[in-house]
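*Asks:* Mind having a look at this structure? Questions to follow.
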Amino acid sequence: MTVISIDGGRGNEAVRGLADTLEMPLISLTSPSYPLDPPNFFEVSVRPSSAEILADFIIHKQWREIILLTDGEFSGISLPWLWHHLHKKSNRSTNAQLLELPRDPEKFSEFLRQFNLGHSNYTNRDVVGLLK
């Protein structure tokens, strides 16, 4: 399982927390716009077209199911554009589940607990953070 973030702002903290808590690698499609404290030595940042590189990564990893996390306001990536690239480059189907992160920071730990409980028996699901 891998977490992919396209957020360089404060929403990146939620995605970093998710990756740290679940002990999963984190790929950031944009560099954080502020200094990270503490630094994450396992985070990699890239900057080509987010939708195309994400589609390439999904195809390369042969993922069949992905979970998209969003803040509900702005996904940071065009989902139709992502599906366009997926279908242009592969005829395999990919199922996606879209989950909205809680707006209240106090509710994030409960969200994370419920997420972990609900997805702990899945071994082939991959999480993508689509935040502003």
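Residue numbers for the sequence shown follow my numbering, beginning at 3 and rising by one.
All C-beta atoms, glycine included, are put in the ideal place defined by N, C-alpha and C.
Please read these numbers as outputs of a predicted model, since none were measured by experiment.
Please name the residue or residues paired with Ala-21 in a DSSP beta bridge.
*Replies:* Per DSSP, none; premise fails for Ala-21.
*Asks:* Let me know the secondary structure DSSP gives Gln-116 once reduced to three states.
*Replies:* Residue state, collapsed to three classes: helix.
*Asks:* When DSSP labels each residue in this structure, what does Val-5 get in the three-state scheme?
*Replies:* Strand, per DSSP.
*Asks:* Considering Cα atoms alone, identify which of Val-17, Lys-63, Ile-60 is closest to Leu-114.
*Replies:* Looking at the Cα atoms, Val-17 is the closest of the given residues.
*Asks:* Using DSSP with H/G/I as helix, E/B as strand and the rest coil, what is Ser-52?
*Replies:* Looking at Ser-52 - three-state DSSP - the assignment turns out to be helix.
*Asks:* Are Ser-52 and Ile-79 touching if we call contact CB-CB under 8 Å?
*Replies:* The answer is yes: Cβ separation under 8 Å.
*Asks:* By the 10 Å Cβ neighbour count, where 16 or more other Cβ atoms means buried, how is His-62 classified, buried or exposed?
*Replies:* So His-62 ends up on the exposed side.
*Asks:* Is Leu-71 buried or exposed, if buried means 16 or more other CB atoms sit within 10 Å of its CB?
*Replies:* Classification of Leu-71: buried, given that the 10 Å Cβ count is 16 or more.
*Asks:* By the three-class DSSP mapping on this structure, what secondary structure does Ala-16 have?
*Replies:* Three-state DSSP puts Ala-16 in a helix.
*Asks:* Measuring CB to CB, does Leu-84 end up less than 8 Å from Leu-56?
*Replies:* It is a contact, given that the beta carbons lie within the stated cut-off.
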